[in-house]
Structures are given as C-alpha cells and as structure tokens.
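K.L.:
Mind looking over this structure? Questions follow.
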Amino acid sequence: MAQLDTRAKLAILADAAKYDASCASSGTAKRTSKDGKGLGSTTGMGICHAYAPDGRCISLLKILLTNSCIFDCHYCINRKSSNVRRARFTPAEVVELTLNFYRRNYIEGLFLSSGIIRSSDYTMEQMVEVARSLREDHHFRGYIHLKTIPDADPALIHQAGLHADRLSINVELPTVAGLKRLAPEKSAPQIEGAMLGMRSAILDGADARKRYRSAPKFAPAGQSTQMIVGADAATDGDIIDRAAGLYGRFGLRRVYYSAFSPIPDASTVLPLQRPPLMREHRLYQSDWLMRFYEYRPDEVAQAVDPATGMLPLDIDPKLAWALRFRDRFPVDLNRAPREALLRVPGLGTKAVASILAARKWRRLRLEDVARLTVSLAKVRPFIITADWRPVALTDKADLRAWIAPKKEQLELFAA
C-alpha cells in the first residue's frame with residue numbers, strides 16, 4: 030500500500046464510511062468538561078450529522094479505521110475483490126484527528142467502523158485502543174460509537190463497551206437466506222449470538238450501577254444495528270417483521286435502514302438498480318409507528334400491499350393503515366383515548382399531547398386542530414370536533430386519491 034498522508038487517508042476513509050447509516054448519538058449519558066476537567070461533551074450544539082430526540086444536530090467524525098477487508102461480501106464496496114483505493118489509519122492517527130476536529134469545534138463525537146484486517150480480534154483490538162486512548166489518555170468526554178465485529182473475542186467487545194457510549198453490530202440483510210447468498214463468510218447465528226451477549230452485558234451493567242455507584246458504565250446508549258434494503262428479495266413485510274424481532278429479542282435502541290446502492294465492479298447476483306430512496310423513508314416511518322405510536326408489529330405489517338408485501342410509496346404507512354381500517358374512524362378528539370388519537374393520520378405525538386392537555390379546559394374545534402398539524406386536509410376525514418363531523422367523507426370511495434400528496438412537477442429534462 031502506497032504511503033498516504035493523513036489528509037489523503039481521511040478523504041478515502043470518510044468517503045468509505047458513508048454507507049453506514051447507524052450513527053445517531055441519542056440516548057447516551059450526559060457528560061461535560063465545563064468543570065475544567067477533561068475534554069469534550071455529549072451535550073450542546075456542535076462531519077456527519079445526527080439528531081438527538083430533542084432535535085439538536087450533533088456532528089460526528091465518521092470514518093473507517095481501514096477500508097481493507099479479508100471478507101468478500103457481494104454488496105460491499107470495500108470487499109476483498111473490489112478495485113478501490115485502500116487506506117488505513119493507526120489508532121494514534123484516529124485519536125489525533127478526533128481531538129483536532131473537536132478543538133476546532135467541527136465535531137462532538139466519533140463514529141468508528143472498519144473493514145476486517147488480519148483477523149476479527151486484531152481489528153477489534155485496534156478499535157478498542159482508539160476508544161481507550163481517547164477516554165483514558167486524553168479524558169475525552171464526547172460521544173463515541175464503535176461498530177463491533179460479531180466474531181471477535183467477547184472480552185474485546187466488553188472492553189469496547191466500557192469506553193464507548195454505543196455499540197452496534199450489523200445484521201446486514203433482512204433474511205438469513207439473503208445473508209448466505211450475498212455474504213457467505215458471515216453467520217446469522219453468530220451475529221445474533223453477539224447481539225444477545227451485548228444485551229446481557231448492557232443489562233448487567235445497568236443492574237450493577239443500581240447496586241454500586243462506582244460500577245463502570247457499559248454502553249450507556251445501548252446497541253443498534255443496520256439492514257441493507259433492496260440488495261436481496263426481502264419485502265417490506267419481511268423487513269418489518271425482522272426489525273420487530275430484533276427490538277424484542279435484543280432491546281435495540283435503533284434499527285437503521287440503508288437503501289442498497291450499486292457499486293463499481295458489482296457481482297452479477299446484485300440488482301442492477303438501487304431501490305427508490307422513498308422505500309427507505311417509508312421503512313423508517315414504519316419503525317416509528319412501532320417505537321412511538323404504540324402499533325404492534327403485526328399492525329404495521331397490515332399497511333403493506335397484500336399482493337406485493339411492499340409499503341406504498343405515495344402515502345405514509347400510518348395513512349395506509351387508516352385507509353385499510355376505516356371502521357376505526359372517525360375519532361372524536363374531545364373524547365377518544367390517547368391510543369386512538371395516535372392512530373389519526375396527520376397527528377404526531379406532540380399534537381396528541383397538546384390535544385389531551387387542551388381538552389381538559391374546553392372542547393376542541395377544527396381551527397384548534399389546524400394549529401397542530403401541517404395538513405388539515407389529511408386529518409379531516411378521520412376526526413370529529415365540536416364543530417366538525419366528516420359525515421360520508423370517511424367512506425368516500427376515492428378518499429386515498431383525495432388526500433394523497435399530489436405528485437411533484439416533473440423535471441424539465443426528465444426522461
């Protein structure tokens with residue numbers, strides 16, 4: 030490998046990291062260096078941008094330790110047989126980069142992943158050394174997310190959890206059959222075994238902290254994973270079912286979805302075209318229905334087209350579900366319980382909270398709802414207020430066409 034300076038390595042390895050979507054920094058413990066001790070923080074406004082639950086934009090240095098790899102996964106641009114320019118950081122270089130970017134107020138944390146070099150254990154040792162040095166040698170208190178390697182020694186993964194805020198292991202593809210076909214060197218049971226071990230360590234760490242204040246924290250921001258969408262034949266229904274199982278079995282904070290992107294010198298077993306990016310967006314929306322809107326996984330799956338197993342691209346999953354179960358509507362905003370209000374298309378969790386608070390003092394009218402939603406037209410067929418009742422609108426035969434977002438104007442030179 031030709032000798033590259035740090036700037037050249039950064040250009041290669043930051044670009045190679047763009048395919049990893051699982052880099053949000055929400056949910057971690059609050060740490061700060063305002064008392065003059067240490068460096069960095071996990072709070073405040075801060076070259077990757079992630080968003081916390083309260084809407085704050087958090088900047089992370091998002092890089093690979095190396096894009097060299099001994100594996101040959103068909104869908105990965107960094108696979109062994111890929112003809113890409115390779116580079117590799119030393120742990121000391123990653124530490125220095127992180128500190129320098131932080132001092133210049135460019136970042137508030139680090140997201141570090143890597144291809145596998147020599148062996149899984151060797152690569153994991155290098156990543157753990159980065160986190161250890163930042164925490165112990167430089168007292169860095171900012172956010173650290175490490176992408177761990179499922180077949181690495183559990184002791185190394187445990188060390189990673191003592192220094193990182195969040196750990197993640199990618200399940201890669203939604204189905205076991207897809208993983209066997211496109212990444213034969215990876216094992217679904219091994220990946221799930223590592224995720225189960227990580228969950229046990231997180232629970233044990235949390236329990237120890239309750240008993241002993243001096244007990245070390247283990248991955249306080251939990252674990253996450255990522256699935257590639259569109260590289261195999263998995264339907265949206267398959268993906269929703271898989272995500273629900275991952276949340277239930279492993280207590281994940283997030284499941285991330287990454288639309289497959291065609292890569293140079295691609296294998297013939299891969300699709301020739303990428304899936305619509307809107308498909309990725311709809312899957313994230315379905316994920317939110319399970320996490321924040323109290324939908325059961327089987328209810329979310331009811332939003333897919335029974336013939337294709339896919340979520341509609343022209344409307345969101347919540348609206349698709351409501352159109353399929355019109356007998357649940359209209360909902361009286363002045364009387365309905367919270368779980369029924371959460372099912373109304375166009376009403377978010379904050380709007381529902383505002384409705385529940387306001388109706389204690391007065392009866393809500395349609396003009397009140399207009400202040401809480403972006404699209405009153407989307408909400409009207411599904412609600413009753415003091416001055417509004419949809420009458421036959423809810424049963425309108427062409428209701429979907431009537432409330433679905435209108436198609437945007439075509440580009441001037443579009444084919």
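Add 29 to a position in the sequence shown, counting from 1, and you land on the number used in the numbering used here. Glycine residues also receive a C-beta, built at the ideal position from the N, C-alpha and C atoms. Values in this document were obtained by computation on a predicted structure and should not be read as measured data.
#1: Below 8 Å on the Cβ atoms is my guess for Val12 versus Ser287; work out the distance and round it to an integer in Å.
#2: Return the first residue and the last residue of the beta strand (DSSP E) that Ala288 is part of.
#3: Report the CB separation of Leu340 from Arg311 in whole angstroms; it is logged as a contact under 8 Å.
#4: Classify Pro82 as helix, strand or coil using the three-state DSSP reduction.
#5: Report the option in Thr177, Pro183, Phe411 whose CA atom is closest to the CA atom of Asp194.
#6: Which of the three DSSP states, helix, strand or coil, is assigned to Gly75?
#7: Does the distance from the CB of Leu281 to the CB of Pro305 come in under 8 Å?
#8: Compare the Cα-Cα distances from Arg117 to each of Arg372, Ile146, Phe130 and report the closest residue.
#9: Run through DSSP, which three-state label would Ser54 get?
#10: At the level of alpha carbons, what is the spacing between Ala443 and Thr297?
#11: Taking 8 Å as the cut-off, does the stretch 382–389 touch the stretch 319–328 (at least 3 CB pairs, one atom from each stretch)?
#12: Got a sec, what are the start and stop residues for the beta strand (DSSP E) Ser253 sits in?
#13: On the CB-based measure, 16 or more other CB atoms within 10 Å of its CB, does Ala189 come out buried or exposed?
#14: Looking at C-beta atoms only, is the number of pairs between the stretch 86–105 and the stretch 137–145 that lie closer than 8 Å three or more?
#15: So, do the stretch 229–247 and the stretch 199–215 have three or more beta carbon pairs nearer to each other than 8 Å?
#16: Look up Glu201 in the DSSP assignment and say whether it is helix, strand or coil.
#17: Since Lys91 sits in a beta bridge, which residues does DSSP pair it with?
#18: Taking the C-alpha atoms as reference points, what is the distance between Arg278 and Ser111?
#19: With the cut-off set at 8 Å, would you say Ile413 and Pro359 are in Cβ contact?
P.N.:
So, from the data block:
#1: Here the chain covers residues 30 to 444 and nothing more, so residue 12 does not appear.
#2: Per DSSP, Ala288 belongs to the beta strand (DSSP E) from 283–288.
#3: In this structure, Leu340 and Arg311 form a Cβ contact; the two beta carbons are roughly 4 Å apart against a cut-off of 8 Å.
#4: Residue confidence is low: Pro82 scores 48 on pLDDT, short of 50, so the model does not pin down where it sits. Its coordinate-derived value is still stated next. DSSP places Pro82 in coil when its eight states are reduced to three.
#5: Thr177
#6: Note that Gly75 has pLDDT 29, beneath the 50 cutoff, so the model's placement of it is unreliable and the number below is only indicative. Correct three-state label for Gly75: coil.
#7: no
#8: Ile146
#9: Confidence in Ser54 is poor, its pLDDT being 48 and thus under 50, which makes the residue's placement unreliable; the coordinate value appears in the next sentence. Ser54 falls in the coil class under three-state DSSP.
#10: At Ala443 the pLDDT is 39, less than 50, meaning the model places this residue with poor confidence; the figure from the coordinates comes in the next sentence. Their Cα atoms are separated by approximately 28 Å.
#11: no
#12: Residues 252–258.
#13: buried
#14: yes
#15: no
#16: Glu201: strand per DSSP, three-state reduction.
#17: Phe140
#18: 35 Å
#19: yes
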